[in-house]
Amino acid sequence: MSAAPPLALGELHASLSDPLLDAMTFLNEVTTRYPGAVSFAPGRPYEGFFEPEDVHTYLDTYLAHLADRGLDRDAVRTALFQYGPTKGIVADLVARTLANDEGLTVAPEALVLTVGAQEGMLLTLRALCATPDDVLLVSSPCYVGVTGAARLLDLTTVPVPEGPDGGPDPQAVRAAAAAVRAGGRRPRALYVVPDFANPSGTSMPVPARARLLDAAADEGLLVIEDNPYGFFARDPGERPTLKALDHRRQVVYLGSFAKTCFPGARLGYVVADQEVAGPGGRRSLLADELAKLKSMTTVNTPALSQAVIGGMLLHHDCRLRAANARATAYYAANMTALLGELERRFPEPERRRLGLAWNRPEGGFFAVLTVPFTADDAAMERCARDHGVLWTPMAPFYPGGGGERRLRLSISSLTTEQIADGVESLARFVRAQV
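Counting with the numbering used here, you get residues 1 to 434 for the letters of the sequence shown.
What follows is the structure, encoded as structure tokens:
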């Protein structure tokens with residue numbers, strides 16, 4: 001019996017031919033091919049903070065919590081081993097943590113626990129964008145997870161450039177929304193990472209946050225706020241989330257425990273407290289509508305992941321800022337080391353001569369280096385092969401084009417010694433290109 005003919009890529013969904021997906025696959029492949037290279041590429045947390053034994057501790061803590069609530073053995077068995085509620089089983093603990101860490105008063109009913117923040121993005125975009133005329137505005141450069149999610153859903157994205165201080169410029173938001181309407185479509189929502197954004201590392205000043213919310217309200221936009229890096233400031237101060245400043249219920253808040261707990265749990269959440277009016281006067285929360293979509297995709301978020309993270313929250317009195325103090329200090333020291341090594345390896349006269357520049361993020365995992373050559377996949381592979389250093393090309397993060405001479409450096413999974421060695425080797429590569 002002869003084999004079936006191969007499937008034609010052109011007859012599969014168009015997103016599978018999108019260079020964006022190929023770029024991320026290539027990065028993973030290069031990392032595997034050069035395992036000995038110093039890698040400034042991944043945005044994952046430092047593994048030195050993880051101990052396998054802690055999983056048992058956190059799970060036991062959550063089991064004790066269920067017993068304290070009066071659940072007998074059969075009820076605990078059902079809670080851990082069955083499918084469970086679509087919206088999740090630890091919403092009350094997440095709500096307590098948001099109150100302690102962010103000053104957010106959130107009803108547990110307004111939360112949906114998701115399989116990472118990525119699922120939250122997909123559910124939110126699918127719910128909000130009802131027709132092909134609905135358009136998502138995104139900051140540019142932008143996290144590829146949200147532009148990729150939009151591509152999978154056949155949604156149009158329109159880039160909004162970052163302002164000089166970081167974050168999408170409010171006036172540019174107004175202009176982009178007006179242009180979308182002029183084209184006969186509806187600007188539906190704006191995606192933004194206000195704190196230490198991936199990939200740019202920029203953070204919005206507090207006054208700009210209020211101006212952005214006002215601009216979005218004037219344009220009839222919901223704001224999708226993604227906040228994976230908010231805890232990790234080099235100089236911790238008050239940085240209210242957009243959701244904390246939200247008095248109109250215009251912000252849908254995406255959270256993740258990947259950076260503040262550990263990514264292997266794949267646990268995120270959405271705060272969707274917007275009221276939805278249905279036929280016959282029915283009222284619900286947007287969270288309830290997202291749960292309907294989730295029931296048709298992942299059904300529910302794994303109870304064991306929720307139990308471990310729930311136990312971790314309980315173990316730390318639902319205060320993750322305090323629990324992450326050591327990690328925050330570690331990442332701050334790494335960012336300081338990176339910026340110091342760039343200064344040392346590229347003195348000011350040479351920077352001017354080569355056209356080199358970099359930003360100076362106040363926290364988070366990422367900084368961006370502007371170079372005098374095309375920083376594409378081929379250049380990255382040459383750098384890994386010949387100099388033992390990996391980084392991330394920035395061009396895929398620009399939905400409207402751009403970033404060809406910029407590269408992202410991540411400090412999160414390295415030691416200061418690795419950073420010093422990596423920047424030394426990176427400097428040799430940069431000079432070799434020019």
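All residues carry an ideal CB built from backbone N, CA and C; glycine is no exception. On a predicted model such as this, the values are computed, not experimentally measured, just so you know.
Go through its chain and collect everything with a Cβ distance to leucine 212's Cβ below 6 Å, but skip five positions before and after it.
Around leucine 212: Pro170.
Thinking C-beta only, is glycine 166 closer than 7 Å to serine 203?
Cβ atoms of serine 203 and glycine 166: closer than 7 Å.
Pair within 7 Å by beta-carbon distance, proline 141 and proline 199:
Yes; because the gap between Cβ atoms is below 7 Å, this pair is in contact.
Could you say which of Ala127, Val112, Ser305 lies nearest to alanine 91 if we only look at CA atoms?
Cα-wise, what sits closest to alanine 91 is Val112.
Opening and closing residue of the alpha helix (DSSP H) in which aspartate 218 lies:
206 to 218 is the span of the alpha helix (DSSP H), which, as asked, contains aspartate 218.
Start-end ranges of the alpha helix (DSSP H) lying completely within the stretch 284 to 357, minimum 4 residues
Along the length of the stretch 284 to 357, whole alpha helix (DSSP H) runs at least 4 residues long occupy 286 to 295, 303 to 315, 320 to 323, 325 to 345, 348 to 354, reported in chain order.
Beta-carbon proximity of leucine 20 to proline 393, cut-off 7 Å:
Contact flag unset, no.
Touching or not, the stretch 298 to 308 and the stretch 148 to 158, by the rule of three or more beta carbon pairs under 8 Å?
Counting Cβ pairs under 8 Å, fewer than three are found: no touch.
Could you check whether serine 284 and valine 271 sit closer than 7 Å to each other, using their CB atoms as the reference points?
Not closer than 7 Å, so no.
Between the Cα of leucine 242 and the Cα atoms of Gly268, Cys261, Ala215, which residue gives the shortest distance?
Checking every option, the nearest Cα to that of leucine 242 belongs to Ala215.
Which one or two residues does DSSP pair with tyrosine 253 in a beta bridge?
For tyrosine 253, which the question treats as bridged, DSSP gives the partners Glu225, Val271.
What would DSSP say about alanine 150, mapped onto helix, strand or coil?
DSSP, read as helix, strand or coil, puts alanine 150 in helix.
Could you compute how far the alpha carbon of valine 368 sits from the alpha carbon of leucine 122?
Valine 368 and leucine 122 have their C-alpha atoms roughly 27 Å apart.
Could you name the residues that DSSP lists as bridge partners for alanine 233?
Alanine 233 pairs with Gly363.
With 16 other Cβ atoms within 10 Å as the buried cut-off, status of serine 410
Buried is the call here.
When you compare only the Cα positions, how much space is there between leucine 125 and alanine 258?
Those two C-alpha atoms are separated by around 21 Å.
Would you say leucine 128 and alanine 189 are within 7 Å of each other, going by their C-beta atoms?
Yes, the pair counts as a contact, with Cβ atoms nearer than the cut-off.
Based on DSSP bridge pairs, tell me the residues matched to alanine 277.
Per DSSP, Arg283.
Looking at glutamate 348 and the ligand HEM, is the gap between the Cβ and the nearest heavy atom below 6 Å?
This structure lacks the ligand HEM, and indeed carries no ligand of any kind.
Since alanine 307 and tyrosine 62 should fall inside the 8 Å C-beta cutoff, what is the C-beta to C-beta distance between them, to a whole number of angstroms?
Rounded to whole angstroms, the Cβ separation of alanine 307 and tyrosine 62 is 4 Å, and the two are in contact under 8 Å.
Look at the alpha carbon of threonine 157 and the alpha carbon of lysine 87, and state the distance between them as a whole number of angstroms.
About 28 Å.
Sequence-distant residues of its chain with Cβ nearer than 7 Å to glycine 400 (five each side left out)
For glycine 400, where only same-chain residues beyond five positions count, the Cβ hits under 7 Å are Ser140, Pro159.
Note down, in chain order, each residue of its chain lying with its Cβ closer than 6 Å to the Cβ of glutamine 274, except the 5 sequence neighbours on either side.
The answer, listed in chain order, is Arg249, Leu286.
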